[in-house]
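What follows is one structure encoded as structure tokens, with my remarks underneath.
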Amino acid sequence: MRFRLTPRETSYFDLLTESAQHLVDGSKLLSELLGADRPGRKAIAKKLNDAEHAADDSTHAIMKMLNQTFVTPFDRDDIYNLASALDDCMDCMEEAADLIVLYKIDEIPRRVSEQVQVLERASELTCEAMPKLRTMDDLEDYWIEVNRLENQADKIHRKLIAQLFDEITDPILLMKLKEIVEILEEAADAFEKVANTVETIVLKES
Amino acid sequence: MRFRLTPRETSYFDLLTESAQHLVDGSKLLSELLGADRPGRKAIAKKLNDAEHAADDSTHAIMKMLNQTFVTPFDRDDIYNLASALDDCMDCMEEAADLIVLYKIDEIPRRVSEQVQVLERASELTCEAMPKLRTMDDLEDYWIEVNRLENQADKIHRKLIAQLFDEITDPILLMKLKEIVEILEEAADAFEKVANTVETIVLKES
Amino acid sequence: MRFRLTPRETSYFDLLTESAQHLVDGSKLLSELLGADRPGRKAIAKKLNDAEHAADDSTHAIMKMLNQTFVTPFDRDDIYNLASALDDCMDCMEEAADLIVLYKIDEIPRRVSEQVQVLERASELTCEAMPKLRTMDDLEDYWIEVNRLENQADKIHRKLIAQLFDEITDPILLMKLKEIVEILEEAADAFEKVANTVETIVLKES
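Protein chains in written order, with numbering that gives the first Met the number 0: chain A, 0 to 205; chain B, 0 to 205; chain C, 0 to 205.
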């Protein structure tokens with residue numbers, strides 16, 4: 000059996016869970032933003048900026064703890080990689096929201112919502128997985144499912160790019176939409192990186 | 000004199016060589032794809048996808064071994080970096096092939112073949128170099144030559160970009176070709192990163 | 000009190016300072032290039048290429064020392080990260096200069112100078128900070144100020160992108176200017192990464 004860790008070490012799990020919780024908030028806001036009309040989007044993007052700042056605080060708290068403590072519940076590089084990858088997920092989602100506002104996009108292609116649905120699901124799974132790092136039990140389903148979601152995101156992304164080049168003849172609009180679609184694909188990759196890091200941690204300890 | 004490593008450790012060299020062998024296959028397919036007509040390209044891109052999956056399996060096998068063994072023939076971070084950089088070479092070559100198909104490019108500028116010839120040569124050299132990590136002898140020529148090839152790739156890339164902006168007036172076609180040319184340049188950078196990691200490993204052990 | 004380090008270790012500080020000094024030169028040349036007319040820019044870009052080569056030599060000297068010595072004045076990963084981040088600052092500034100020449104830009108938007116002013120200030124602060132790593136005193140103001148500068152750069156960048164999309168109707172010119180503006184933003188990010196690495200080093204030692 001695996002013993003619970005000491006209180007001091009416990010807070011890594013709390014902070015990682017907190018960081019993942021911000022991703023759930025962020026992906027929900029991103030989904031809300033897609034459904035809103037252009038005037039409504041700015042306020043939602045502002046909320047997403049706030050969620051990103053809160054996530055940044057969690058990341059910094061993890062990094063500070065890493066720099067100032069000797070004992071870590073698992074390999075310190077892996078904690079660092081995990082915190083960085085969680086941070087990347089948020090940065091990509093925030094950037095997508097910002098670009099939609101900045102580029103004054105009128106009509107967002109329907110498939111972009113499919114990309115964001117994948118991110119919502121990935122962030123929920125990630126948030127459920129983080130506290131399980133304490134015991135490292137029942138995590139395999141999580142990383143398998145997130146890898147599957149990333150494959151799905153990849154297919155949606157590829158179809159979207161083909162569709163944009165087929166349907167959009169205004170090169171400047173094409174440039175804008177392509178950038179948004181690609182940053183959402185980067186977000187899906189970042190979630191996969193979180194899952195791969197969790198897998199690495201569990202394999203090392205098993 | 001340097002003794003041979005134990006059988007267990009040996010497999011890192013086998014897996015790295017295997018990974019590099021997939022790069023040789025990949026670069027040859029990419030070259031073949033450039034010479035094919037549009038209808039023929041899809042089947043070749045499919046073969047390149049298969050080569051990329053095979054390369055992925057080699058990478059995962061290396062990562063798994065790294066996570067589950069204590070003794071490594073050289074610094075574990077360097078093995079990790081080497082496997083990742085080899086993986087990046089393949090990802091870039093696959094992406095270039097996919098984009099040529101996805102973007103339905105009619106005429107590929109002649110200089111793109113020059114980029115791919117450099118990648119073919121770099122992958123052959125890399126494949127010859129990997130088994131030499133066992134004894135670490137005779138590797139200097141390899142990394143010097145790959146660095147020279149990267150400089151050459153850089154010059155071809157720069158000329159190609161200038162040429163595209165001079166000759167192509169359709170902004171959407173320009174966007175497509177620029178992306179393909181840049182991902183091929185990234186592939187050359189990734190081969191250089193492999194060579195630099197090999198240099199690091201040899202210098203540490205010398 | 001903190002003792003001075005041994006002469007051998009000292010040279011890390013010299014090399015890091017040397018590397019940062021090249022950034023001061025590079026940012027000044029970039030600023031000069033913006034003020035020059037099109038025919039004059041090529042010669043200035045050439046000087047910037049030379050500065051980049053010199054910076055490369057400093058980086059390689061640091062990496063070689065890292066690979067061949069056991070004792071380092073602080074965590075070897077942090078020295079590696081610091082040298083890499085300094086190198087990234089230079090690469091981005093050089094690439095911006097090269098693109099301005101390669102793309103034969105006639106009129107550079109005024110706000111690009113504001114981006115470069117931030118880089119000049121960040122490189123001066125970085126150059127003053129490097130020798131202080133010897134005693135690790137008085138470095139907090141440096142990383143706070145560089146973080147502030149990065150926020151400022153981010154705002155300028157965002158306004159510039161909005162302005163480009165509002166004012167420029169030629170998609171190819173837009174593509175060119177956007178790429179230049181973004182690589183300058185990457186340079187500001189790289190300076191922030193240097194500062195964050197310095198903060199990490201100081202926190203670990205405190």
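Note that beta-carbon positions come from the ideal geometry of N, C-alpha and C, so glycine has one too.
- The CB of P170 of chain A comes closer than 8 Å to the CB of P170 in chain C, given here in chain order.
- N66 of chain A reaches chain C at T199, L202, K203, counting residues in chain order whose Cβ is nearer than 8 Å.
- By the criterion of a C-beta distance shorter than 8 Å, A35 of chain A is surrounded in its chain by I43, once the five residues flanking it on both sides are discounted.
- The DSSP-derived three-state label of I61 of chain A is helix.
- Taking every protein chain shown into account, the CB of G39 of chain C has fewer than 16 other CB atoms within 10 angstroms, so this residue is exposed.
- Boundaries for S205 of chain A: no alpha helix (DSSP H) harbours it, and the DSSP string shows neither H nor E there.
- Taking a C-beta cut-off of 9 Å against chain C, the contacting residues of the stretch 70-90 of chain A are D76, listed in chain order.
- Residue range 139-166 is occupied by the alpha helix (DSSP H) that includes I160 of chain C.
- With a cutoff of 7 Å on beta-carbon distance, L33 of chain B and S112 of chain B are scored as near each other.
- Per DSSP, T68 of chain B lies in no alpha helix (DSSP H) and is assigned neither H nor E.
- Contact between M92 of chain A and A186 of chain A holds: their C-beta atoms lie close to 5 Å from each other, under 8 Å.
- Counting along the chain, R133 of chain A sits inside no alpha helix (DSSP H), nor does DSSP assign it H or E at all.
- Taking every protein chain shown into account, the CB of I143 of chain A has fewer than 16 other CB atoms within 10 angstroms, so this residue is exposed.
- Straight through space, the alpha carbons of L15 of chain A and N150 of chain B are spaced by roughly 43 Å.
- None of the residues of the stretch 110-135 of chain B has a beta carbon lying less than 8 Å from any beta carbon of chain C.
- The DSSP-derived three-state label of E93 of chain A is helix.
- From the listed residues C:E139, C:F190, C:N66, C:C88, the smallest Cα separation to Y79 of chain C is found for C:N66.
- Taking the C-beta atoms as reference points, H21 of chain A is found no nearer than 7 Å to A60 of chain A.
- Under the 7 Å criterion on CB atoms, A187 of chain A is classed as non-interfacial with respect to chain B.
- Counting every other CB atom within 10 Å of its CB across the protein chains shown gives K41 of chain B a total below 16, marking it as exposed.
- Here DSSP, grouped into helix, strand and coil, assigns P38 of chain B to helix.
- Below the 7 Å Cβ cutoff, chain A contributes L101 as neighbours of I160 of chain C, in chain order.
- In this structure, DSSP gives P108 of chain B a state outside helix and strand, which the three-state scheme calls coil.
- Per DSSP, reduced to three states, the secondary structure at K103 of chain B is coil, with no helix or strand assignment.
- In this structure E166 of chain B is exposed. Its beta-carbon is surrounded by fewer than 16 other beta-carbon atoms within 10 angstroms.
- Excluding its 5 nearest sequence neighbours in each direction, L118 of chain B has C-beta neighbours in its own chain below 6 Å: S26, A186, listed in chain order.
- Considering only beta carbons, the part of the stretch 41-67 of chain B lying closer than 8 Å to chain A consists of M62, K63, N66, Q67, in chain order.
- Leaving aside the five residues that flank K175 of chain C on each side, the residues in its chain whose CB is nearer than 7 Å to its CB run, in chain order, Y102, I104.
- Look at the beta carbons and you see the stretch 80-90 of chain B not touching the stretch 152-163 of chain B: under three pairs across the two are nearer than 8 Å.
- The C-beta of T168 of chain A has fewer than 16 other C-beta atoms within 10 Å across all chains shown, which makes the residue exposed.
- With contacts defined as CB atoms closer than 7 Å, E204 of chain B and M135 of chain B qualify as a contacting pair.
- Annotation for K158 of chain B: R110 place their beta carbon closer than 7 Å to its own, counting only its chain and skipping 5 residues before and after.
- The DSSP-derived three-state label of D87 of chain B is helix.
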